[in-house]
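Sequential numbering of the sequence shown, starting at 127, is according to the working numbering.
Structure, as structure tokens:
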Amino acid sequence: MSAADELDIDRIDWAALALPDPQGRGSALARTMANARKGRWSGETALGPPRPDELTLFDGRVAIRHVRDQCHLPRYRNAPLDHPNIAIAESYVRRWPGGYALVRGIVDTYNPIFDTEIPAERWTSSGGSASHFDTWRFGMIFATVYHPIGLAQAFVHEAAHQKLFGIGVLIEHADRIVRNDPTRLFPSPVVERPRPMTAVLHAEYSFIHVTELELLLLDALRDEPDCERERRILRSFLFRNLTRLEPGLRTIEAAIETDAAGDQFVGAFICWAKQV
């Protein structure tokens, strides 16, 4: 039986699918939906589960791989597969069961990278990261390894993008959920140029996941000794994200057009985003 045969679109709880869940049911469903699609960011493009000889993360579900010599953007170069910040970043994500299940269930490949255009010291002092999804492959992410907090955020950020890809919401258009004209552009919460509503939703959705992780980490590290630097980094990220995500949420509320599935999915997401 194919993935398409197993998938009954009319019986999906789209509201529940919009939210992170510790059991990983949403990730599994998004992956099943990806397997039922063809073309860009569908299951047929995925590299598949880890091989026995590969390093892994997230309970052995995510392979740490050098997929090619560099990320699709030439400024990035491959970083060591065993960089120590990778395991620390995973331990940070583990503090949020919903985020951990999201990455574990939707990502199959992590390619660690360095940024050749920005000095490493700047990344390290800020706690930031640069991350990207692949231009074609489903379940594959790139992210810099300079700081474990930045990498932890990158894991959930890119996994949230992959979840939207899986259910059929791509960057420039959507199979379902979003029904806005792709040629009509709106202010983006994360880039300076206007974007289609699908891209606006991607930005808002992925960074709300990041913000939830930041809040949980800040709370978890509140009473831990010698973590003031980490708390300062997290507060800085929270200020930046809230400043840009609140206008983005207003744009979605005012202008998004949805189908029946999108009514549930976007409605639940907006409620969760407001709570965050």
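Glycine included, every Cβ here is placed at the ideal spot set by N, Cα and C.
Original post:
So what does DSSP say about Asn111, is it helix, strand or coil?
Top reply: What the structure shows of the chain is the stretch from 127 to 402, and residue 111 is not part of that stretch, so it cannot be assessed.
Subject >> Contact belief for Thr337 with Leu371 at Cβ below 8 Å, rounded distance in angstroms >> reply: Indeed they touch by this definition, with Cβ atoms about 7 Å apart.
**OP:** Check the C-beta distance from Ser74 over to Ala160 and give it rounded, since I have them as a contact under 8 Å.
**Re:** Residue coverage of the chain in this structure runs from 127 to 402, which leaves residue 74 outside it and unanswerable.
Original post:
In its own chain, which residues sit with a C-beta less than 7 Å from the C-beta of Ala130, not counting the 5 before and 5 after it?
Top reply: The predicted position of Ala130 is uncertain, since its pLDDT is 45 and thus under 50; no value can be drawn from it.
Subject >> Same chain, Cβ closer than 6 Å to His198, neighbours up to 5 away in sequence not counted >> reply: Excluding residues within five positions, the ones whose Cβ falls inside 6 Å are Thr261.
Original post:
Nearest-angstrom Cα distance between Asp389 and Ile359?
Top reply: 36 Å
Subject >> For Asp241, the residue or residues it bridges with in DSSP >> reply: Bridge partners of Asp241: Tyr202.
Subject >> Ala269 beta carbon less than 7 Å from that of Ala75 >> reply: Residue 75 lies beyond the stretch modelled for the chain, which goes from 127 to 402, so this question has no answer here.
Original post:
For the stretch 220 to 265, which segments carrying the alpha helix (DSSP H) assignment without a break, of at least 4 residues, lie completely within its bounds, in sequence order?
Top reply: 223 to 232 and 246 to 252
Original post:
For the alpha helix (DSSP H) that contains Ala381, what are its first and last residues?
Top reply: Glu354 to Ala381
Subject >> Of the listed residues Phe363, Glu383 and Ser332, nearest to Gly254 (C-alpha basis) >> reply: Phe363
Original post:
In chain order, which continuous runs of the alpha helix (DSSP H) of length 4 or greater are located wholly inside the stretch 272 to 306?
Top reply: 274 to 293
Original post:
By how many angstroms is the C-alpha of Asp349 removed from the C-alpha of Arg166?
Top reply: 45 Å
**OP:** May I ask you to report which of helix, strand or coil DSSP gives Phe184?
**Re:** coil
**OP:** Assign Asp208 to buried or exposed, taking buried as 16 or more other Cβ atoms, counted over all protein chains shown, within 10 Å of its Cβ.
**Re:** exposed
Subject >> Range of the contiguous alpha helix (DSSP H) that encloses Ala172 >> reply: Segment: none, Ala172 is in no alpha helix (DSSP H) and carries neither H nor E.
**OP:** Tell me where the alpha helix (DSSP H) around Thr384 begins and ends.
**Re:** Here Thr384 belongs to no alpha helix (DSSP H), and DSSP marks it neither H nor E.
**OP:** Please work out which residues of its chain come closer than 7 Å, Cβ to Cβ, to Leu133, disregarding the five sequence neighbours upstream and downstream, and give them in chain order.
**Re:** Thr158, Met159 and Ala162
Original post:
Whose C-beta lies closer than 7 Å to the C-beta of Tyr331 among residues of the same chain, with five residues either side of it excluded?
Top reply: Once the five neighbours on either side are set aside, the close Cβ partners of Tyr331 are Ala286, Leu290 and Phe395.
**OP:** Grab me the residues of Ala381's own chain with a C-beta within less than 8 Å of its C-beta, minus the 5 sequence neighbours each way, in chain order.
**Re:** A distance below 8 Å between beta-carbons, with the five flanking residues on each side excluded, links Ala381 to the following residues of its chain, in chain order: Asn306, Phe312 and Met323.
Original post:
In this structure, what does DSSP give as the bridge partners for Ala189?
Top reply: Thr182 and Thr235
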